[in-house]
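Which chain is which? The protein sequence lines are E and V, in order. Per the working numbering, the very first residue in the first sequence carries number 1; after that it's consecutive. Per the working numbering, the very first residue in the second sequence carries number 1001; after that it's consecutive. In this text, a Cβ means the ideal position worked out from N, Cα and C, and glycines have one as well. On a predicted model such as this, the values are computed, not experimentally measured, just so you know. Just below is one structure, and these are the notes that go with it.
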Amino acid sequence: MKTTIEQLEDKYLVTLEGELDTAAAAEVEKTLQPLYTTGGKDVVIDCKGLEYIASSGLRILISILKGAKAGGSKVLLKNMNDDIKSVFKLTGFINIFDVE
Amino acid sequence: MWGRKPLIIPRCPGIQAHGKAARRSGGHRASTCMNRLKHFIRSLRNRRALLVVILAVLMLELLSGAQYYFTHHLMEDELEKYAEMELTTKAIIMKRIIEDSEHTLKGHIMEVKRNLAFPDSMPGILKQITKYSPYLQGCGIAFIPDYYPDKGRLFEPYALKTDSGIQCLQVADGAFDYTKDGFFCDIMKKKNNSWVGPYDDMYLGQRLISYAVPIYEFTGDTVAVFGIDIDTENLGDTLNYRHIYPSSFDLLLTEDGEFISGPNDPGLHQEVQFVTSLINDSTVQRRPSSKGRSKIIDFDGRERDGSVFYVNMKGKPHWQIAVVCYDDEVYSSLLRLRYRLLLLSLLAFGILLYVIWRFAEGEKELRQKTLEQERLAGELRIASNIQQTLLPEEDVLLKGISDVQVEGRLIPAKAVGGDLYNAFVRDGKLFFCIGDVSGKGIPSALIMAITQALFRNIASREDNPAHIMRLLNETACRNNKANIFVTLFVGVLDLPTGHLRYCNSGHELPILIDHSPLTIDHSPSQMSAEASARGGQQCSMFNVQCSMIEAKPNLPIGLFDDFNYEMQSMQMPPGATLFLYTDGLTEARNADGKLFGRDRVVQMMEACGPKEPKQLVEAVIEKWHQFVGATEQSDDLTLLALRYTPSQEQNILDEAITLRNDIREVEALGAFVKQVAGQLSLDKSMVGKLRLAVEEAVVNVMEYAYPKGTTGDVNIRATSNGRRLKFIITDAGVSFNPTEVAAADTTLSAEERPVGGLGILLVRELMDTINYERIDGKNVLTLTKSILNS
């Protein structure tokens, strides 16, 4: 599992690659923890390389979303594959995230 | 699988019977009565009743009017007869007075003539005449002037009746010149006897009427006028001494209509004048009497209406006699009669109105009652339909479940009943119940509906039948003022294992029908001598063994909210059938009053042999119908049969992996799922789903079954028959049932969403079934997924 954060002028660019299962979630959370408070900047998460996500991964995303919403910014998910999208649909996350 | 639910058209006794209009109960307040009356009168406008009332009133009035008319006519005739009689009588009296007076005078003419030479004898003669004639006021002889030179120019001796006797007067004493008086001149001129007057006598100051004759000397010259005077006042009294009606009066008029005499009452003066002028007025309409010679003038427009009857007397003088009658007196009896009739007709009208009112009220009430009954019948029909829909729908709940067959029937005795049954599959378990609410009718039906809904609700999150029973009991005890209780049998059959857990609350014991010897699994503490004695009715026909399952009776729910319901369990042998029923079956009576009885049920089961639940239920119902015959069904009848038919197919795959309760082990789980999926050639999307579901379930176990700090293993076994893939996750941690965990609400917004609850949601969404059992101190969670199309 590979997680990167790129800080641009007005937003954070996050790239998720690999399988975000329960085992990997702890490390990913450690990496993404700074984004729990975004300071008004939007977060764009590129899921192009994301092959799998478990509920622990979803929990990290919703924590980021909650922080962003509190700061008045948005979280945009892009390039999700169909399997990941179907998980988002099952959990209703498709309705609360901005999905591109 | 599910037998078709019979559409029962319930009998609704008493609904068609409209009955007689119920008597209104008394004690209505007057205001209510008035309001009703007002309403009734208002409502009359559009009613035939009004027409009837009007017609009746018109008829009554017409009859009364006709009667009045005819009676009036009759009385008019009678009046004419009376008046005629009165006039005749009075004429006779008058005639007698006239004739008497005339005869008296005529009888003394000769004596006067003989004594012409002796003027001083005249007073004596006159005195005698006056004395013997009662009506005479006086009597006198007026001699022509200078007839007796020594008596002066005028000489008229006169005898006058006074209170103190008869006085003799010499009228002609110079103060009164009778030669200029009308009657003297008249007689002298006519030389004939005649009646004179009436006139006001200046000298006597009275109104008189006189009869006079001329006195001839032997030479043939008229020398004197001999006359008598009659006091008209006296005459009036005689005329009015008696009347046909109290205020009637009689008048005497001359032929020319001049008033002679009448009643002397000064109060009647005006009336007398009016009647006199009426008779003298030729323009006034008069009609002849049908009973005699008299003429009638009717007058009105005055204070009192009335009629004048008058007639001319026969012979000379041709005077007229009149009698006046007033209508109010003549027709007073008729008026009284009229008023009485009016009163009676009013009374009759009132009674009629009252009768119609009561009739209309009765009719209205009857109509309202009928409407009410129809409404009630309609509502009962709807309630009955609703109650039927509360029962489990055919095919819906057991769709795709091949491990069990269920058939249920409810035949209510009335439109709505207090029996219930339910059965549905959740998480690989069949939840079922059968129950009987105490009492009958709508109150029981309401409790039935509540219990039915509650069971569905509680059992959709609670797996333990004793817990379900406890929760049902708590709700049933709350506000149970009617003290309605429910006997219930709740069962939970684990479909993968055939493990049946149940809890009884005073309900009839279900019958287990089995091919193979029965094995009952219960802890020794739950054993009771009673249960042992009741159970174990074994038989060998068709190799079928029937037995009442052992169940503690406990207590019906709704009695004590803190009662501790105990759960029992047993193993359901494959192919065995559990038959549940309510006392509507065992306590059904035939025409002879015999009970259907439990033995008959058991015998039937033995005789029937192994059957599909649907056939079994239908056979029992048929038997029940035959038994009760035409006897009225006294209680609801409910039957529920379920047959355990687990699939016994060969597994083409059986793999297992054991992990420690460490999140990091999850990586190995991913590899395990991929390997299993690879063996079954499942596509990538399916692999993702299976991996996610199994991972979530295993992580759940790791987090909850093993509290922090404890260690243990989680075994994951994957089996497949080629059509379904099954993951059985077993751990030895604390009892934890993930199917009772509430799944996350996917409709909430980002801010509202809790972080947890996603795992179980994903497991439920991704897998076909999820089943939890605590077996031998272990948590056993089974997830299944159809892989046919993958």
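Look up V:R1426 in the DSSP assignment and say whether it is helix, strand or coil. It is a strand residue.
Give me the subset of the stretch 1654-1688 of chain V whose CB atoms are less than 7 Å from a CB atom of chain E, sorted by chain position. Within the stretch 1654-1688 of chain V, I1663, R1664, V1666, E1667, G1670, S1685, G1688 place their CB atoms closer than 7 Å to a CB of chain E, listed in sequence order.
I'd like the ranges of any alpha helix (DSSP H) spanning at least 4 consecutive residues and lying wholly in the stretch 1634-1715 of chain V. Fully enclosed alpha helix (DSSP H) runs of 4 or longer: 1666-1679, 1684-1704.
Could one say the Cβ of E:Y102 lies closer than 9 Å to chain V's Cβ atoms, at least one of them? Residue 102 of chain E lies beyond the residue range present for chain E, which begins at 1 and ends at 100; the question has no answer from this structure.
Of the residues V:I1098, V:A1607, V:Y1706, V:R1461, the one placed nearest V:A1742, counting alpha carbons only: Looking at V:I1098, V:A1607, V:Y1706, V:R1461, the one whose alpha-carbon comes closest to that of V:A1742 is V:R1461.
I want to see whether chain V comes within less than 9 Å of E:L90, judged by CB atoms only; does it? Using a CB distance cut-off of 9 Å, E:L90 counts as an interface residue toward chain V.
Determine the extent of the beta strand (DSSP E) in which V:P1157 is found, giving its start and end residues. First-last of the beta strand (DSSP E) with V:P1157: 1157-1162.
Does any residue of chain E have a CB that is nearer than 9 Å to the CB of V:T1784? Contact of V:T1784 with chain E is not assigned, every C-beta pair being separated by 9 Å or more.
Taking any Cβ of chain E, which residues in the stretch 1695-1716 of chain V have a Cβ under 8 Å from it, in chain order? From the stretch 1695-1716 of chain V, only E1695, E1696, V1699 have a Cβ closer than 8 Å to chain E.
Does V:T1638 get closer than 9 Å to chain E when you measure Cβ to Cβ? Interface with chain E (9 Å Cβ-Cβ cutoff): V:T1638 is excluded.
Since V:V1355 is in the alpha helix (DSSP H), which residue starts that stretch and which ends it? In this chain, the alpha helix (DSSP H) harbouring V:V1355 covers 1332-1390.
To the nearest angstrom, report how far apart V:R1764 and V:A1607 are at their CA atoms. If you take the alpha carbons of V:R1764 and V:A1607, they lie about 44 Å apart.
Cβ pair V:Q1387, V:V1416 closer than 9 Å: One thing to note: V:Q1387 has its Cβ within 9 Å of the Cβ of V:V1416.
Tell me whether V:W1624 sits in a helix, a strand or coil according to DSSP, three-state version. Reduced to three states, the DSSP call for V:W1624 is helix.
Using a beta-carbon distance cut-off of less than 9 Å, what residues from the stretch 31-58 of chain E approach chain V? Those residues of the stretch 31-58 of chain E placed with their C-beta closer than 9 Å to a C-beta in chain V are E51, Y52, I53, A54, S55, S56, L58, ordered along the chain.
Coil, strand or helix - V:P1263 by DSSP: It is coil, neither helix nor strand.
Closer than 8 Å by beta-carbon distance: list the chain V residues that pair up with E:E19, in chain order. Under the 8 Å cutoff, chain V gives G1670.
Use the C-beta contact count for V:Y1211: other C-beta atoms within 10 angstroms, 16 or more gives buried, fewer gives exposed. Buried is the call here.
How many angstroms separate the CA atom of V:E1258 from the CA atom of V:V1213? Their Cα atoms are separated by approximately 22 Å.
For V:M1767, tell me which candidate among V:N1590, V:T1782, V:D1327 has the shortest Cα-Cα distance. Ranking V:N1590, V:T1782, V:D1327 by Cα distance to V:M1767 puts V:T1782 first.
Where E:E51 and V:T1658 are concerned, what is the direct C-alpha to C-alpha distance, given to the nearest angstrom? Roughly 25 Å between the two C-alpha positions.
Counting along the chain, where does the beta strand (DSSP E) carrying V:I1557 start and finish? Segment: none, V:I1557 is in no beta strand (DSSP E) and carries neither H nor E.
Three-state secondary structure assigned by DSSP to V:V1763: Three-state DSSP puts V:V1763 in a helix.
Determine the direct distance from the alpha carbon of V:D1231 to that of V:S1164, and round the result to whole angstroms. If you take the alpha carbons of V:S1164 and V:D1231, they lie about 17 Å apart.
According to DSSP, is V:I1447 helix, strand or coil? If DSSP states are grouped into helix, strand and coil, V:I1447 belongs with the helices.
Which stretch, first to last residue, makes up the alpha helix (DSSP H) that contains V:D1201? It is not in any alpha helix (DSSP H) - V:D1201 instead sits in the beta strand (DSSP E) that spans 1194-1201.
I want to verify the contact list: residues of chain E whose CB lies under 7 Å from the CB of V:L1761, in sequence order. Going along chain E in sequence order, the residues near V:L1761 (Cβ under 7 Å) are T91.
Among V:T1276, V:I1549, V:G1408, V:Y1135, which residue has its Cα nearest to the Cα of V:K1614? Nearest to V:K1614 by alpha-carbon distance, out of V:T1276, V:I1549, V:G1408, V:Y1135, is V:G1408.
Please decide whether V:L1690 counts as near chain E, where near means a Cβ-Cβ distance under 9 Å. No - not a single Cβ of chain E is within 9 Å of the one on V:L1690.
Count the other C-beta atoms from every protein chain shown that fall within 10 angstroms of the C-beta of V:Y1339, then say buried if there are 16 or more, exposed otherwise. So V:Y1339 ends up on the exposed side.
Tell me the DSSP secondary structure of V:N1312 in three-state form. In the structure shown, V:N1312 sits in a strand (DSSP, three-state: E or B).
Is it a yes or a no for the stretch 1114-1121 of chain V touching the stretch 1078-1092 of chain V, going by three-plus beta-carbon pairs under 8 Å? Taking 8 Å as the limit for Cβ pairs, the verdict is that the stretch 1078-1092 of chain V does not touch the stretch 1114-1121 of chain V.
Assess contact between the stretch 1244-1261 of chain V and the stretch 1319-1327 of chain V, defined as three or more Cβ pairs (one per stretch) separated by less than 8 Å. Is contact present? Short answer: they touch.
Report the neighbours of E:K66 on chain C: residues whose CB is nearer than 8 Å to its CB, in chain order. Within the model displayed, chain C is absent; protein chains E and V are what it includes.
Buried or exposed for V:P1266, going by 16 or more other Cβ atoms inside 10 Å? By the 10 Å Cβ count, V:P1266 comes out exposed.
Continuous alpha helix (DSSP H) stretch holding V:E1111: start and end: It spans 1109-1114 - the alpha helix (DSSP H) in which V:E1111 sits, taken as one unbroken run.
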